[in-house]
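Structure first, commentary second.
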RNA sequence: GGCGACGUAGCCAAGUGGUUAAGGCGGAGGUCUGCAAAACCUCUAUUCGGCGGUUCGAAUCCGCCCGUCGCCUCCA
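Numbering (our numbering), first residue to last: 1 to 461.
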């Protein structure tokens, strides 16, 4: 497949270096607040990339970190009067529940910064030894001037960054853009012993230490949201390449566009967040995945209730197309089987083109339409349905219609009874009474569908 | 101020030099139905922010203008 690489700014044919196993590192979250729909978008994108690579026959080794020590975690824990560990444990749980609910495959390893202090210290020491880093007043900084290609990912120069003029002056730094590798501890903060005194790792160094430990360089794919390009990934490149001398340390840098809420980017600092929990209370995981994949992964996407609702309705097309074809008992399918191969080809060609999920989805809708059409014509569609399920699965769609709650299941025999009563009334042409049953069931959220084969009912979605 | 992205129907969103500009939502008509609903069929952008230019040919390339957004600070 062809895949866009942020580092070069162009699409490049993607092949794992060893031809078989894809080494993929995706930056994870800082667990101090609920997982929001922006996170969900990002991880749905990388989950889809992973599923597609696996569908192509590759093994994917997927590593995703938790930044479980940082200023905000310390602050929130103190506000809540609990330990940092208790706070992060809570939100890591939330994260996993959310990922599972969205049918996002688990990474192979989820390393945590606090559990990788040893490798982190070794990496920092190596950078100090190589003169890429220096200690100052208990902190350790990366010396950006020593890395000549600093800025190559975000396509900016040190001069250009300084022109931004929003840099805080720090007298301990040799250069304003030097960034912290090790942060000396202030009283009351969690700290680990180091050659430079007690402290904790800076944000960027953990990813260097972890990706090297769990995947070895060079990585095939390094991913994250576009907001991580600078400074996080730029700094990671500087550290990783300075540390190992391997350049580039990741072949493909893949960044998803950010989810926006209204006019602005959805972000922790703006506080305009919608949690995944809130979204899933209203909409199915399939609908949300469809929403996230309905625009190209590198484009920004506006999140809205209207958009989610539209996707929910569009899923009905698939649900209906995938229903069992017991119709064939009445009108024996004598015709030809629907050939899904052209749709599969369209789907694969779209996915091969830098994960063009909007086009891939369009192919699936066309396939669904043909399934409905051919089934009505009495042709065989079982194989085509299998193809639709399989390709939808590459996008992580489950096609599970929203399951009924337990009290709804308990009501089923009574609804069946009302439906069969209505059928008898209709046969007796007692339409007023029959319609009353239909209307009152509708008021309870039960939708009846009449067809030549009888009446089926379902809960309104 | 520096760097970058984008502007396609009522809404969302593909397409980036060449037959009828994907797909979804919404809308209109039809088939089916006792009537509905669901489903299916048909229709729904002579035109791609504006103005110039290159070309036999541009939504697609170039220039200018208008507008929106992102990064430059924690962030997926």
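Beta carbons: idealized from backbone N, C-alpha and C, even for Gly.
Look at residue 173 here: in three-state DSSP terms it is coil, with no helix or strand label. In this structure residue 220 touches residue 17 by the C-beta definition: roughly 6 Å separates them, less than 8 Å. Rounded to whole angstroms, the separation of the alpha carbons of residue 153 and residue 218 is 16 Å.
Look at residue 392 here: in three-state DSSP terms it is helix. By the neighbour-count criterion, in which a residue is buried when 16 or more other Cβ atoms sit within 10 angstroms of its Cβ, residue 155 is exposed. Counting along the chain, residue 447 sits inside no alpha helix (DSSP H); it lies in the beta strand (DSSP E) bounded by residues 446-451. A residue is called buried when at least 16 other Cβ atoms come within 10 angstroms of its Cβ; residue 301 meets this threshold and is buried. If you draw a straight line from the Cα of residue 61 to the Cα of residue 421, it is about 57 Å long. In the three-state DSSP reduction, residue 17 falls in the coil class, being neither helix nor strand. Runs of the alpha helix (DSSP H) lying entirely within the stretch 60-95, each at least 4 residues long, are 71-80 in chain order. Membership of residue 256 in the beta strand (DSSP E) is indicated by the continuous run 250-256. A buried status is given to residue 360, since no fewer than 16 other beta-carbon atoms sit within 10 Å of its beta-carbon. Of the residues assessed, residue 417 falls on the exposed side of the cut-off, its CB having fewer than 16 other CB atoms within 10 angstroms.
If you look at residue 456, you'll find it in the beta strand (DSSP E) that goes 454-459.
Inter-segment contact for the stretch 343-363 and the stretch 317-324 is absent: fewer than three beta-carbon pairs are separated by less than 8 Å. In the pairwise beta carbon analysis, the stretch 60-77 is classified as not touching the stretch 122-142: fewer than three pairs are separated by under 8 Å. Counting only residues of its own chain and dropping the five nearest sequence neighbours on each side, residue 344 has a CB closer than 7 Å to the CB of 387, 391. By the Cβ neighbour-count rule, residue 116 is buried, with 16 or more other Cβ atoms within 10 Å of its own.
Secondary structure note for residue 291: its alpha helix (DSSP H) is the uninterrupted segment 285-293. Taken atom to atom, the span from the alpha-carbon of residue 290 to that of residue 103 is near 12 Å. Every alpha helix (DSSP H) of 4 residues or more that sits fully in the stretch 181-219 is shown, in chain order, as 205-214. Cα atoms of residue 294 and residue 277: separation of roughly 21 Å, rounded to the nearest angstrom.
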